[in-house]
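If you count by mature numbering (1 follows the signal peptide of the UniProt record, and there is no 0), then the sequence shown holds residues -22 to -1, 1 to 160, one letter each, in order.
Glycine is no exception: its CB is placed at the ideal position from the N, C-alpha and C atoms.
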Amino acid sequence: MRKILIASGLVLASVSAAQANAQPTMSNFSYDYAEARIGISPLTYGAGFSTSIHPNAHITGSVDTEFDSDWDAALGVGFHAPVNNWADITGEIKARSAKNKGALKSSSGKFGVEVNLGVRQWLGPQLEVGGTIGHLNIDDYEEVIGSVYGRFHATELFSVGVTGRFNELYGDQVMLSTRFKF
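Shown next as structure tokens:
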């Protein structure tokens, strides 16, 4: 049932993205960036990127690790469409590769898929907030995942943020990140 709801949401959001593409509206956020991040409890280190491939589509990737013979890597494609002048709706589908003894109960790498929907909102000229909800399926590990975040854009090219991640492979976690727009 959850997969049907998530798939239905992605289809509805795709229709919204197609409508946004037909109209002369642009996204309210940059989807061209490189990111460095640190996770707290457990301590993880990671990097990520996103680059636009269309006015309403982007490619995204990330990798996180505890440097204990583990990893959580993702590569996928996403869409983004403006809701109004201050908010975007987003969606992504990602291929995930992970090796995590805690969540996957395996010492070998596993492959899976993630789908998610989200929203990004400006609260002011420099403050952005947002969140995502999605579904992660890697081998026998199947969870509804989510995140909420706040990001301060110090300049047009640099921002810092804090993210709360829920039900991910490393459990519930707080992430501190820096983004560099390119």
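Residue of the options minimising C-alpha distance to residue i
| i | options | result |
| --- | --- | --- |
| I37 | H113, I18, A12, F45 | A12 |
| W100 | A81, F130, T141, R74 | F130 |
| G39 | P20, N145, A14 | A14 |
| K77 | F7, D117, A25 | D117 |
| P103 | K159, I111, T133 | T133 |
| L21 | F160, Q151, E106, A51 | Q151 |
| I31 | G56, I16, L82 | G56 |
| P33 | Y9, Y23, D48 | Y9 |
| I67 | R74, A59, A73 | A59 |
| K159 | V140, L135, F144, E70 | L135 |
| Y148 | R98, D42, W64, S5 | D42 |
| V97 | E44, S125, G108, G90 | G108 |
| W49 | F27, G87, F144, G112 | G87 |
| G80 | N145, S155, F7 | N145 |
| N6 | W64, A35, A52, A25 | W64 |
| E120 | L82, E106, I71, L105 | L82 |
| I71 | S84, G54, S85 | G54 |
| L114 | R143, G128, G139 | R143 |
| G90 | A51, T110, I111, I16 | A51 |
First through last residue of the beta strand (DSSP E) which encompasses residue i
| i | result |
| --- | --- |
| N62 | 49 to 62 |
| D10 | Where D10 is concerned, there is no enclosing beta strand (DSSP E), given that its DSSP letter is neither H nor E. |
| G87 | Premise fails: G87 is in no beta strand (DSSP E) and is neither H nor E. |
| A132 | That residue, A132, is in no beta strand (DSSP E); it is neither H nor E in DSSP. |
For residue i: DSSP bridge partner residues
| i | result |
| --- | --- |
| L114 | E92, E121 |
| E70 | G56, N94 |
| I37 | T29, V55 |
DSSP three-state assignment for residue i, whether helix, strand or coil
| i | result |
| --- | --- |
| N145 | strand |
| K79 | coil |
| S104 | Checking the sequence shown, residue 104 turns out to be Gln, not Ser. Looking at Q104 - three-state DSSP - the assignment turns out to be coil, as it is neither helix nor strand. |
| S19 | coil |
| S5 | coil |
| D46 | coil |
| F158 | strand |
| N(-2) | At N(-2), the pLDDT of 48 sits below 50, so the modelled position is not reliable; the number obtained from the coordinates is stated separately. Of the three classes helix, strand and coil, the one that applies to N(-2) here is helix, per DSSP. |
| M153 | strand |
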